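Residue numbers (the working numbering): 99 to 380.
For each residue, glycine too, the CB sits at the ideal point set by N, CA and C.
Here the structure is a predicted model, which means the values were calculated and not measured.
Structure first, commentary second.
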Amino acid sequence: MSDRDATLVIGATGTTGRRVTAGLLAEGHRVKAAGRGATPVEGAQAVRFDWNDPSTWDAALDGADRAYLVPPIGSSDPAAVMLPFLRRAGATGLRRAVLLSSSAIPEGGPAVGQVHRELPALVEQWAVLRPSWFMQNFTGDTPHARSIRESGAISTAAGDGRVGFVDAEDIAAVAVRALTDARPPDTDLVLTGPQTLSYDEVAAIISQVTGRTVVHRHLTFEELRDRWAAEIPLEFATMLASMDRAIAAGAEDRTTDTVQRLTGRPPGTFRTFAEREVAPRG
Numbered sequence: 099m100s101d102r103d104a105t106l107v108i109g110a111t112g113t114t115g116r117r118v119t120a121g122l123l124a125e126g127h128r129v130k131a132a133g134r135g136a137t138p139v140e141g142a143q144a145v146r147f148d149w150n151d152p153s154t155w156d157a158a159l160d161g162a163d164r165a166y167l168v169p170p171i172g173s174s175d176p177a178a179v180m181l182p183f184l185r186r187a188g189a190t191g192l193r194r195a196v197l198l199s200s201s202a203i204p205e206g207g208p209a210v211g212q213v214h215r216e217l218p219a220l221v222e223q224w225a226v227l228r229p230s231w232f233m234q235n236f237t238g239d240t241p242h243a244r245s246i247r248e249s250g251a252i253s254t255a256a257g258d259g260r261v262g263f264v265d266a267e268d269i270a271a272v273a274v275r276a277l278t279d280a281r282p283p284d285t286d287l288v289l290t291g292p293q294t295l296s297y298d299e300v301a302a303i304i305s306q307v308t309g310r311t312v313v314h315r316h317l318t319f320e321e322l323r324d325r326w327a328a329e330i331p332l333e334f335a336t337m338l339a340s341m342d343r344a345i346a347a348g349a350e351d352r353t354t355d356t357v358q359r360l361t362g363r364p365p366g367t368f369r370t371f372a373e374r375e376v377a378p379r380g
């Protein structure tokens, strides 16, 4: 090993970051687990990192030759901080970067799409992960999970549109391959589960698995935008509501073989996910 052989995982305690960290450690890689609180992660070196505080960047990058990049949460303009970071990272020896984006955001599109466009010029080896909507959006403290618990409903403006929901476990498995395989992807990778589902079908599966009736509440674009705007800035709320409108128009009605091709195993189904993470315990 050299003195620059660590993988920097930004957002190392988040939905995908903690799984990427675990996957890297399981394969014997050295990991710098980065986050605003430098939360200890067993087996990794915890480091403080804040996208909005450049004074934290150099220590996080020290000794790292590759990085997993999770954009700042809730930012409508992540390029404003991510591109200066990547320029500094390239100058300090970072060779490979794997960026978490979204299937809904193309290269050069809004938000992280601007980072996607610039990434190949900033690092020697790269990949952009563009997962469909996370299965984990229905667990924990997410808006869908809260509304399921509080009112037995999932509220969207997606209509009857279908989505290739993908498990964060599969996203992380692809990220580990993109970070560590001898040949870098040097492309963007759209990740989906094995099938597309409407939110009506998602509600039905959750009902079957939990034994509690869950319904899909159909909202208009304006109703959903205003619902989001009560919690987050209007610009970001509008962007999120627009993504639901795109789903209604068929933008996410697709599946890909990316998970199978990069990991050698098929992606998990939504029912398997729900039985693992949504079903009542006991």
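Item	Value
Counted within 10 angstroms of its Cβ, other Cβ atoms place S382 as buried (16 or more) or exposed	Absent from the structure is residue 382, since the part of the chain shown begins at 99 and ends at 380.
Same chain only: Cβ atoms within 8 Å of T356, ignoring 5 sequence neighbours per side	V272, L287, V288, L289 and T290
Contacting residues, own chain, Cβ-Cβ under 7 Å from V261 (five flanking each side not counted)	S230, W231, T294, L295, I345 and E350
Residue of T137, E205, G161 and A209 minimising C-alpha distance to P170	A209
Spatial neighbours of A104 in its chain, beta-carbon cut-off 6 Å, leaving aside the 5 residues before and after	R128, K130, G161 and A162
Where E267 falls, given that 16 or more other Cβ within 10 Å makes a residue buried	buried
Sequence-distant residues of its chain with Cβ nearer than 7 Å to G188 (five each side left out)	L220 and V221
Check whether I252 and R315 have beta carbons under 8 Å apart	yes
I108, DSSP secondary structure in three states	strand
Burial state of R244, where buried means 16 or more other Cβ atoms lie within 10 Å	exposed
Residue interval of the beta strand (DSSP E) (run including A457)	There is simply no residue 457 to check, as the chain begins at 99 and stops at 380 in what is shown.
Cβ pair count under 8 Å reaching 3, the region 295-314 against the region 325-332	no
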